[in-house]
Structure formats: structure tokens, C-alpha cells
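**Student:**
Protein chains: 2
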Amino acid sequence: MAPALDTTFAALADPTRRAILARLALGETTVMDLARPFDMSQPAISKHLKVLERAGLVSRGRDAQRRPVRLEAKPLAEANQWLESYRALWEARFDRLDALLQKLQADEGAPLPPKPGRGRKPKEQT
Amino acid sequence: MAPALDTTFAALADPTRRAILARLALGETTVMDLARPFDMSQPAISKHLKVLERAGLVSRGRDAQRRPVRLEAKPLAEANQWLESYRALWEARFDRLDALLQKLQADEGAPLPPKPGRGRKPKEQT
DNA sequence: CATCGACATAACCATACTGTTATATAACCA
DNA sequence: TGGTTATATAACAGTATGGTTATGTCGATG
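Residue numbers (this note's numbering), protein chains in the order written: chain A, 1 to 126; chain B, 127 to 252.
(1) Ordered along the chain, which non-local residues of its own chain (more than five positions away) have a Cβ less than 6 Å from that of residue 177 of chain B?
(2) Nearest to residue 25 of chain A by CA position, among A:81, A:71 and A:92, is which residue?
(3) For residue 184 of chain B, which residues from the same chain have a beta carbon less than 7 Å from its beta carbon, with the 5 sequence-adjacent residues on both sides left out?
(4) Can you list, in chain order, the residues of its chain whose CB lies under 8 Å from that of residue 29 of chain A, leaving out five sequence neighbours each side?
(5) If we define contact as Cβ-Cβ less than 8 Å, is residue 6 of chain A a contact residue for chain B?
(6) Just the C-alpha distance for residue 21 of chain A and residue 213 of chain B, rounded to the nearest angstrom, thanks.
(7) Taking Cβ-Cβ distances shorter than 7 Å, what residues in chain B pair up with residue 74 of chain A?
(8) Report yes if the C-beta of residue 71 of chain A is less than 7 Å from at least one heavy atom of the ligand ZN; otherwise report no.
(9) What would DSSP say about residue 188 of chain B, mapped onto helix, strand or coil?
(10) Let me see if you follow: with CB-CB separation under 8 Å, is residue 68 of chain A close to chain B or not?
(11) Which residues in the same chain have their Cβ closer than 8 Å to the Cβ of residue 144 of chain B, if we skip the five residues on either side of it in sequence?
(12) Does residue 161 of chain B come within less than 8 Å of chain A when only Cβ atoms are used?
(13) Quickly, what does DSSP pair residue 196 of chain B with across the bridge? List them, please.
(14) Since residue 9 of chain A is in the alpha helix (DSSP H), which residue starts that stretch and which ends it?
(15) Would you call residue 43 of chain A buried or exposed, if buried means 16 or more other Cβ atoms sit within 10 Å of its Cβ?
(16) Does the beta-carbon of residue 218 of chain B have 16 or more other beta-carbons within 10 angstroms, so that it is buried, or is it exposed?
(17) On a Cα-Cα basis, can you pick out the residue from A:47, A:62 and A:16 that is closest to residue 37 of chain A?
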């Protein structure tokens, strides 16, 4: 259920998808409405939506033949939390650096070697 | 110079790269030292470092035959800033929602249609 | 029922990503 | 000089990504 940071960040790495999220922040809307401002086919938008959905960043409803799209903020919050833990670094707050270092070592800091071997992306804890 | 959010988020979407950043938060270090905990060849790490470097997330020094890697926090701060603007959404702070909507419309909110045409990823303002 | 509108799916293409092994480069060291 | 260490680069392979066009599906509606 909780999509990893991998998926979230990957979804956010595309400007079209970020624009879609920005649009959705204004409120739930339809695929057609989302597609309109882009110079892109409708299926392309559907694909982007699927990516966002798999990342848990949007959810879909049902309204007759329409499939309203709604923003889901939770993964954003998680990504934010990850970034937040580095805040001390760009704020050069050395008093907070200790806390940061502790946290990083506990969290993702010194993980067991991700053993991708053949797989594409090493799984991490959810 | 300022790598777009595209590049930053893409760089963050990989767990190996996030682990590298976490390690670098503890301080500057060498490629070999970075590679050690991973079950991955040295060239693979070099490639990841190149991705991080292109994203402006790390910078390289020179110490004899060593190429020490240092974390650069600025892109993290920028990504954080982007996420931050959505904070109201996951905090359900409706008083902040107005500010959010204003900001989104000014920023990336309702962008001119990204016209990818043939190109891979529509460029956005730096 | 026939069709339209909104959307999803399929098949396809080009390019990018992530890993590999093998090899090159560059600085130090005996 | 010749070897070793640290890192980069090249060539290759498999999968993923982001777009396309064509077609399918489902619900509303004349």
C-alpha cells in the first residue's frame, strides 16, 4: 500500500506529472480536463495517471463514464519527511547535524547492501 | 547550473543513490569507500555518482588518485521547497490552502503546454 | 438499438537507465 | 621503470520510460 520513495520520486521526476499534480491541487477533475492543456495524446495522459496512481499520488473515482482523479498527499508527505531529515545540511545548522546523523544511521543510512544482482531496483523496507 | 526538479527527483528515485547521499551526510569520502557496502561493481557506483553529480547533488574533489565526493545540499533544498508548497494538502490546513493555490498557479501550476513533440522531456524554466 | 463521449488497453518505436565485464588513465610507490 | 591503487570509460545487454496510433469498453442518450 505504502509505495516506497523510489516510486514517489520517480513519479515526481516528470514535469507533466508535476503539472498534473499542481492542477489536481485545485481540485478533483477528469482525464480530459487534465489532458487539455498539454500537447499530448489522451493515452499519454492516461499513462501518466497510471504512474501517479501506482505511486499512490492520485486516486480514481467513478462518475458515469468519467473517471475523476483526486490528489492523494500521503506520498508527498513521506517524500517531504525524507527530505526534511537532510534539512540541517542546507541550513548549516550544526546543532541539528547530530540528530540528522543519528537518524540517517538508523534509517536508510547504512543499509544492508542492496543486492540487486539481477533485479532492477533493490527493494527497501516500506 | 541549477539542475531542474526533473533531474533532482530522478536522482533521488534510486535507493542506491539515496544510500550514497545518506553516507555522504556523514562526510566526504572516496568512491571505493562508497562502493564497499554495496553488492555492485565499482563502475556501477561511478555511474551513480555521475548521475548525482549531474543533478548537482554531489561535487568531486581531487586528492592524489582519489576523487573525494561531497554532498551538495542545494538541490535537496529546492526539491524540499517544491514539496513544501503542497504541505497544506497533507496537513489539511485550509487556511494555508489559499496561499498554496496562488503559488501553484503562479509557478508550475498552469504552465504553457509542454510541447514535447519529439523530445524526451519538455524543458522547464531553470 | 445505434452511436457518442470518456477513458483504457494494445502494439509499437525510440531512447534512457542500470547493471555487467574489460580496458584505459592517472597518480603513487618500490 | 614497472607495478599497484583509485577511478573513469567503453561496449554491451536487458528492462523501463514516454510517446505514438489504433482499437476496445462502458455508460449515457437520441
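All C-beta atoms in this analysis are idealised placements derived from N, C-alpha and C, irrespective of residue type, glycine included.
**Tutor:** Well, looking at it:
(1) 137
(2) A:71
(3) 150, 175, 178, 195, 196, 197 and 198
(4) 23, 68 and 69
(5) yes
(6) 13 Å
(7) 216
(8) This structure lacks the ligand ZN; in fact it carries no ligand of any kind.
(9) coil
(10) no
(11) 138
(12) no
(13) B:185
(14) 5-12
(15) exposed
(16) exposed
(17) A:16
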